[in-house]
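Numbering (my numbering), first residue to last: 222 to 647.
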């Protein structure tokens, strides 16, 4: 017998919400319709919520191995399913970094034990992410990595990046880049190089530190033919370069975070609360507008959280010393739904696709679609109930968010991975 998700709604091809039920059997969707015969199946009340394909997040930091005080694979995967994410892709800046078959195997086993979100690891481009020696791409791919990145740092050597792209192209695997030119960074810089940093007498992080690497890498991707993906795009110049690259036929994609879509440096509190410190930093109002425009015109392919948990003690070290990063798994959909769909900036269908079909298509993942025969990775979302974001209630070990107290609608209430209920609100 299977499970019927009843009393729900689906988005049709034109983006309208229609009453529907979904039957799940043996880990797959086997039927969809307005009313499915019970026939002894378990019936789960979706409470008039939207039934969507499970959300996909191609950018999370699970911290394990090495930084389990910040997050573990289990707590990060729990946070993901609470946020409606059924597939998450974890970054390699752990200790040891994900630069060996042994570490990939460890992460996949820990994820299986957790039994929550599907976890697909990235492999590091270079050994220990030091930018000096390529990892064993073939071995990492065989072990189960998703793509290759040195996220957390940029690959500084142009020759090294070109060599990585050539090797990745041969293996049919993507190169994913944290774009940051260290030559343009001032030690201790914590905010965007704009008016807010100037007002506080602080060194800033310039937009060109990102965009120069974006431009360099697009040219290298054009030459090598690799699929090249830009992490957490933040600057208007970077958006322009990706747009131009796409027009030139380069196989380039990019992601944007909810926080860069929702906030700019002018929003940072005068006390310089470190929960507003992330890398790349919140940039100018004009940059934020360019990100939204890029999302709407298709230059930006998807939304990813860059979920980056830290302890409260670490974040209490002041704006200069506190680590970069905020958590995002449990707040992404409610924030985006409330501030983009409800305001008319995006349709509900567009938002769902940016978190499901589009990341899956960019990386060739067999998830992100709600159709008969597809894996039963499903998320049910309450579009009506308004709640305030409460970090104390997070499943993540991290509570570092600038969105505490924001009132949102669009809360995931039920999440299934391969037909198993892994999260259900009472």
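Glycine included, C-beta positions come from ideal geometry on N, C-alpha and C.
* **Option nearest residue 423 by Cα separation, candidates 236, 409, 506 and 311** => Checking every option, the nearest Cα to that of residue 423 belongs to 409.
* **Given 8 Å, three or more beta-carbon pairs between the segment 252 to 270 and the segment 280 to 293** => no
* To do: Note down, in chain order, each residue of its chain lying with its Cβ closer than 6 Å to the Cβ of residue 367, except the 5 sequence neighbours on either side.
  => 310, 341 and 343
* **the segment 532 to 546 contacting the segment 263 to 279, beta-carbon criterion three pairs below 8 Å** => Contact annotation: the segment 532 to 546 does not touch the segment 263 to 279, with fewer than three C-beta pairs closer than 8 Å.
* To do: For residue 587, count neighbouring Cβ atoms within 10 angstroms of its own Cβ and tell me buried if that reaches 16, exposed if not.
  => Residue 587 is exposed by the Cβ-count criterion.
* Out of curiosity, what's the CA-to-CA distance linking residue 575 and residue 339? -> 19 Å
* To do: Measure the Cβ-Cβ separation of residue 434 and residue 380 and say whether it is below 9 Å.
  => no
* Contacting residues, own chain, Cβ-Cβ under 7 Å from residue 430 (five flanking each side not counted) -> 401, 402, 405 and 406
* Asked: Going by the CB atoms, is the gap between residue 328 and residue 362 shorter than 9 Å?
  -> no
* Write down every uninterrupted run of the alpha helix (DSSP H) in the segment 460 to 541 whose length is 4 residues or greater and which is fully enclosed by it, in chain order. => 479 to 483, 506 to 518 and 533 to 536
* Starting from residue 434, trace the alpha helix (DSSP H) both ways and give me its first and last residue. => Note, residue 434: alpha helix (DSSP H), 429 to 445.
* **Cβ-based burial, residue 313 [other Cβ within 10 Å; buried from 16]** => buried
* Asked: According to DSSP, what are the bridge partners of residue 306?
  -> 276
* residue 247 burial status per 10 Å Cβ neighbour count (16 or more: buried) -> exposed
* Any chance you could list the beta strand (DSSP E) runs of at least 3 consecutive residues sitting entirely within the segment 313 to 366, in chain order? => DSSP assignment within the segment 313 to 366 yields the following whole beta strand (DSSP E) runs of 3 residues or more, N-terminal first: 339 to 342.
* Would you kindly check if the distance between the Cβ of residue 619 and the Cβ of residue 513 is under 9 Å? => no
* If you drop the 5 nearest sequence neighbours on each side, which residues of the same chain put their C-beta closer than 6 Å to that of residue 508? -> 456 and 457
* Asked: What did DSSP end up calling residue 396 once you bin it into helix, strand or coil?
  -> strand
* At a cut of 8 Å, does the segment 584 to 601 reach the segment 630 to 641 through at least three beta carbon pairs? -> yes
* To do: Give the DSSP-derived three-state secondary structure of residue 379 in the structure shown.
  => The answer is helix: DSSP assigns residue 379 an H, G or I state.
* Alpha carbon to alpha carbon, how far is residue 369 from residue 315? -> 14 Å
* Roughly how many whole angstroms lie between the Cα atoms of residue 495 and residue 529? -> 13 Å
* Asked: Can you tell me whether DSSP reads residue 296 as helix, strand or coil?
  -> helix
* **Identified DSSP bridge partners for residue 609** => 628
* How is the alpha helix (DSSP H) around residue 556 delimited, first residue to last? -> 553 to 557
* Asked: Using 8 Å as the Cβ pair cut-off and three pairs as the minimum, do the segment 472 to 488 and the segment 498 to 507 touch?
  -> yes
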